[in-house]
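Some notes on the structure that comes next.
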Amino acid sequence: MIDIKILRNDPEQVTATLKNRKTDVDLQKILDLDNERKEIIFRLDQIKQQRNENSGKIGKGKVDPLEKQTLIEETRRLGDEIKTGDSKLRDLTDEINNRMLTIPNSLHESTPIGQSEEDNPENYRWGKLPVFDFPVKHHADLAEQLDILDAPRGVKLAHSRFTLVKGAAARLERALMNFMLDIHTENHGFEEVIPPLLINSQCLTGTGQLPKFEEDLFKTTDGLYLLPTAEVPLTNIYREEILKEDALPVYLTAHTPCFRSEAGSYGKDTKGYIRQHQFNKVELVKLTHPDKSYEELELLLKNATEILERLELPYRVISLCSADIGFSAAKCYDIEVWVPSEDRYREISSCSNCTDFQARRANIRFKPNEGGKTRYVHTLNGSALAVGRTVVAILENNQMSDGSIKIPEVLIPYMRGLTKIEMRTYD
RNA sequence: GGAGGGAUGGGAGAGUGGUUGAAUCCGGCGGUCUUGAAAACCGUUAUACGUAAGUAUCGGGGGUUCGAAUCCCCCUCCCUCUUCCA
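For what it's worth, the numbering used here labels the leading residue of the first sequence as 6, then goes sequentially.
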């Protein structure tokens, strides 16, 4: 949530943000409601003051009995007025809040203005693209031959966009999560946690998935949601808390499955393992001092790209432009990995600085060392990495002419010595 | 699932209708003392809105009352006992 003071003092700035983001919110309505609210508060405070004075007099018995009855009756009328006023005020405040929750975060000055994802500038590329002297295969075809990803049976067990992961692919996913978590905990200073996978609506409102994006989520019958990303529980760990400044920055990582309904992406990536309702992801979250969040974003990006470099997978980093950046982010880098069968890079990570936007929604603050007012922390999150898509990248980039897959050097110990995924032979 | 108990300031914990935004203790901060530290002692120590007067806040919502942390109702969460279970 943005600070309503920004909207009051500089509505043009918010209007510009909305325009650049290609979205629309009725700001004038919010401002009107806000003014109405101010007036009600002012009037109500005066009535309450009068009521409190009257009650004080009655209580102290300083009024003579005749006047007392009149005063009580008069005060009762004030009470009625307060009652209706308070309920009006509450409704008004709720409506303002609900509308405020639909305003996206302000953009950082370095976030490029663009009209669509076409306008996301590329920052740099890393790695040599693989050259194949045989026809490149799609990972779904490779996996089918190797009998390691089973889409039809995923459908049988659940629904379309679910895949049964088998044998060497299952081991590869397990190896990747362990590898990624080990790097982040041992080299990058993140604390590993295992959060609940079912999340309540307050948390999802805190990180910005609710109320606007409910249709992207799976909801359970008792009102909880399957998490769409570990960003939600990790960022919300300190919801409604005040941290000590010395506790910052907080670095958290988790491996979790993620669940997304993928509403609105019918027909996209229907073949293969790119777009699933359930996928594994290792997530990084940072809670930082507001003055440090942009340098922390650069570090976060490095934390994520390091995984790809160690796996020797070619990637590029792009900056999301105003039309493509997420609702909660002020600035966001996407890391895209090379996918040979598509002859292009595909998203494998998103690293965002959400500034105080989520912290304000979730009420995550810290007490400055030098004293004074509590301030909102800045929250950052990044995938490092999406495990399923990493499997896709390894299958495709490391495919051999015979359809076998070379295991990246750093994963071999995690694969219990397996260096290659080959055709299974059933006797 | 069954029965009961509870939710108060950073923490512990008083407070059953009228200067109680809230005793006391711990913690935090400042000071006295000390070469320094500890101990002791003194002071101080919530948040939001508002230029201010002020208003609101004792889990959340509603009600009773001139007046509610305190009484009544609903909801949420937590705990204990019991049952079941990886």
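By construction, the Cβ of each residue, glycine as well, lies at the ideal position given by its N, Cα and C atoms.
*asked:* The alpha helix (DSSP H) that contains Ile153, what's its start and end?
replied: No alpha helix (DSSP H) holds Ile153; DSSP gives it neither H nor E.
*If we count Cβ pairs, one from each stretch, closer than 8 Å, do we get three or more for the region 60 to 72 versus the region 37 to 47?*
no
*To the nearest angstrom, report how far apart Phe371 and Cys359 are at their CA atoms.*
16 Å
_Let's see if you can read the secondary structure: which residues bound the alpha helix (DSSP H) around Lys273?_
Counting along the chain, Lys273 falls outside any alpha helix (DSSP H), and DSSP gives it neither H nor E.
*Would DSSP call Leu257 helix, strand or coil?*
strand
*Measuring alpha carbon to alpha carbon, tell me which of Gly211, Asp99, Glu250 ends up nearest Asn374.*
Glu250
_Best match in Lys411, Pro295, Lys286, Glu100 for proximity to Asp361 [C-alpha to C-alpha]_ = Pro295
*In terms of residues, what are the limits of the beta strand (DSSP E) holding Cys356?*
349 to 358
*Could you give the residue range of the alpha helix (DSSP H) that holds Glu246?*
It is not in any alpha helix (DSSP H) - Glu246 instead sits in the beta strand (DSSP E) that spans 246 to 249.
_Distance between beta carbons of Ser357 and Ala334, contact taken as under 8 Å_ = 4 Å
_Looking only at its chain, what residues have a beta carbon closer than 6 Å to the beta carbon of Tyr256, apart from the 5 residues adjacent to it on each side?_
Gly194, Phe195, Lys291
_Whole-Å CB distance - Ser388 paired with Glu314, under 8 Å assumed_ = Contact flag wrong, Cβ pair sits at about 16 Å.
*Identify the residues that DSSP records as bridge partners of Val290: which are they?*
Leu257, Asn386
*Asp339 bridges to which residues according to DSSP?*
Ile323, Ser355
*asked:* Just to confirm my understanding: we take Arg26, look at its own chain, exclude 5 residues before and 5 after, and list those with CB closer than 8 Å. What are they?
replied: Pro109, Leu112, Ser327, Ala328, Ile330
*Does the beta-carbon of Gly159 have 16 or more other beta-carbons within 10 angstroms, so that it is buried, or is it exposed?*
buried
_Taking only three categories from DSSP, how would you classify Gln404?_
strand
*Report the partner residues of Pro262 according to the DSSP bridge assignment.*
Asn285
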